[in-house]
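Colleague: Dropping the structure in here first, questions after.
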Amino acid sequence: WFFEIVDFTDELNGWAYAWSDSIEENVIIKTADGGYNWQVKYQTNDIWYRDLQALNNEVVFLVSNVIILKTSDGGSRWVDISPQISNAHFNSVQFFSENTGMVSGTVENQGNNLGMISRTTDGGSTWETEVINEFNVIQDVKFGANSEGYFIASKWDESMDTFLCHTLTLGQTWTKLYHSYFTIGSYFPISQDRIYVSVFDSLNINNLLYSDNNGENWESIFSITNWSIPYISLNEENKGLIICNLMGGFG
Numbered sequence: 005w006f007f008e009i010v011d012f013t014d015e016l017n018g019w020a021y022a023w024s025d026s027i028e029e030n031v032i033i034k035t036a037d038g039g040y041n042w043q044v045k046y047q048t049n050d051i052w053y054r055d056l057q058a059l060n061n062e063v064v065f066l067v068s069n070v071i072i073l074k075t076s077d078g079g080s081r082w083v084d085i086s087p088q089i090s091n092a093h094f095n096s097v098q099f100f101s102e103n104t105g106m107v108s109g110t111v112e113n114q115g116n117n118l119g120m121i122s123r124t125t126d127g128g129s130t131w132e133t134e135v136i137n138e139f140n141v142i143q144d145v146k147f148g149a150n151s152e153g154y155f156i157a158s159k160w161d162e163s164m165d166t167f168l169c170h171t172l173t174l175g176q177t178w179t180k181l182y183h184s185y186f187t188i189g190s191y192f193p194i195s196q197d198r199i200y201v202s203v204f205d206s207l208n209i210n211n212l213l214y215s216d217n218n219g220e221n222w223e224s225i226f227s228i229t230n231w232s233i234p235y236i237s238l239n240e241e242n243k244g245l246i247i248c249n250l251m252g253g254f255g
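This is the structure:
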């Protein structure tokens, strides 16, 4: 398997969006033994997905550029719960329950792309959208059950800058915690102080960093060349799970 997106609900149970060499197709797969064995739950029919969230072993959300899908029965049936927003493109999803959650992405407005975060409290029947004018796209969101959280945001001008941001107001205002001239691959906030982030540099080296003071200073844990890090889940003792990809492999 080549893993694009991974999300675990506990030490044993997890879901992933991956490429299968055996059937040459993108698939949604599930493990119940910590990643040693995987079962195909859904073939994506040539649609490329950008994010996946496993709320528990039965409820999973899946996001492509133009559609948000939800299953409540472990992958047997998938339902479209996408916001009805004109010219919107989605990047990430986070739900706190079956009814309350959010998606992020970009919305086209008079020829410009603007970052956006949409929130629902009724399972996707209605959505409230916050447009963030400073950025062209919001790529990833991690929120608590209130308006405080983190997101990755990018500009599409000459700088192509990417930022890790912290907000207390669902994106109405924010603080920039980390600035990269290249790509922020993934991140994992443990508390308001400790945050992990993986960052690619110009030499294709992925650096895993952490901050103990909410982004004021950053220290390196390790660096690896030609590997991506699509998933980080660590505790304050640097123990946990990191998934890496190399040439279609899994580490």
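255 is the number that my numbering gives the last residue of the sequence shown; the numbers go up by one with no jumps.
Note that the Cβ used here is the ideal one computed from N, Cα and C, for glycine as well.
Within 10 Å of its beta-carbon, does I156 have 16 or more other beta-carbons around it, so buried, or fewer, so exposed?
Modeller: The residue is buried, with at least 16 neighbouring Cβ atoms inside 10 Å.
Colleague: Does DSSP classify L66 as helix, strand or coil?
Modeller: Of the three classes helix, strand and coil, the one that applies to L66 here is strand, per DSSP.
Colleague: Between the C-alpha atoms of V44 and L59, what's the straight-line distance to the nearest angstrom?
Modeller: Spanning the two alpha carbons is a distance of roughly 18 Å.
Colleague: Drop a sphere of 10 angstroms on the beta-carbon of I236, count the other beta-carbons inside from all chains shown, and report buried for 16 or more, exposed for fewer.
Modeller: Buried: at least 16 other Cβ atoms inside 10 Å.
Colleague: When we look at the beta-carbon of V83 and count the other beta-carbons within 10 Å, is it buried (16 or more) or exposed?
Modeller: Exposed, since its Cβ has fewer than 16 Cβ neighbours within 10 Å.
Colleague: Would you report the Cα separation of N221 and S215, rounded to the nearest angstrom?
Modeller: Rounded to the nearest angstrom, the two C-alpha atoms are 6 Å apart.
Colleague: Could you spell out the range, first to last residue, of the beta strand (DSSP E) harbouring L213?
Modeller: Note, L213: beta strand (DSSP E), 209 to 215.
Colleague: When burial is assigned at 16 or more other CB atoms within 10 Å of the CB, is D205 buried or exposed?
Modeller: D205 should be labelled exposed.
Colleague: Relative to the C-alpha of N95, which candidate in T104, S108, S101 has its C-alpha closest?
Modeller: That would be S108, whose Cα lies nearest to the Cα of N95.
Colleague: For a test of the three-state rule: what should DSSP assign to Q88, helix, strand or coil?
Modeller: Of the three classes helix, strand and coil, the one that applies to Q88 here is coil, per DSSP.
Colleague: Using the C-alpha atoms, what's the distance from K34 back to Y46?
Modeller: Roughly 10 Å between the two C-alpha positions.
Colleague: Could you tell me if N30 is buried or exposed, where buried requires 16 or more neighbouring beta carbons within 10 angstroms of its beta carbon?
Modeller: Answer is buried; the Cβ neighbour count reaches 16.
Colleague: Is it true that the CB of S190 sits closer than 8 Å to the CB of I233?
Modeller: Taking 8 Å as the Cβ cut-off, I233 and S190 qualify as a contacting pair.
Colleague: With a cut-off of 8 Å on the beta carbons, I'd call E132 and G175 a contact; round off their distance for me.
Modeller: Contact doesn't hold; Cβ gap of about 11 Å is too wide.
Colleague: Curious, which full-length beta strand (DSSP E) runs of at least 3 residues does the stretch 126 to 160 contain?
Modeller: Complete beta strand (DSSP E) runs here, min 3: 132 to 136, 141 to 147, 153 to 158.
Colleague: In angstroms with no decimal places, state the Cα-to-Cα distance between G127 and S86.
Modeller: If you take the alpha carbons of G127 and S86, they lie about 10 Å apart.
Colleague: Just verifying my parser: in three-state terms, what is the DSSP assignment at A22?
Modeller: Three-state result, A22: strand.
Colleague: Which word fits Y53, buried or exposed, when buried means at least 16 other C-beta atoms lie within 10 angstroms of its C-beta?
Modeller: Buried, because 16 or more other Cβ atoms sit within 10 Å of the Cβ of Y53.
Colleague: Looking only at its own chain, which residues have a Cβ that is under 6 Å from the Cβ of F186, when we skip the five neighbours before and after it?
Modeller: Excluding residues within five positions, the ones whose Cβ falls inside 6 Å are F204, D205.
Colleague: Determine the contact status of L172 and I199, defining contact as a CB-CB distance below 8 Å.
Modeller: Against a cut-off of 8 Å, the Cβ pair of I199 and L172 comes out as no contact.
Colleague: Taking DSSP as the reference, what is the three-state secondary structure of R81?
Modeller: Reduced to three states, the DSSP call for R81 is coil.
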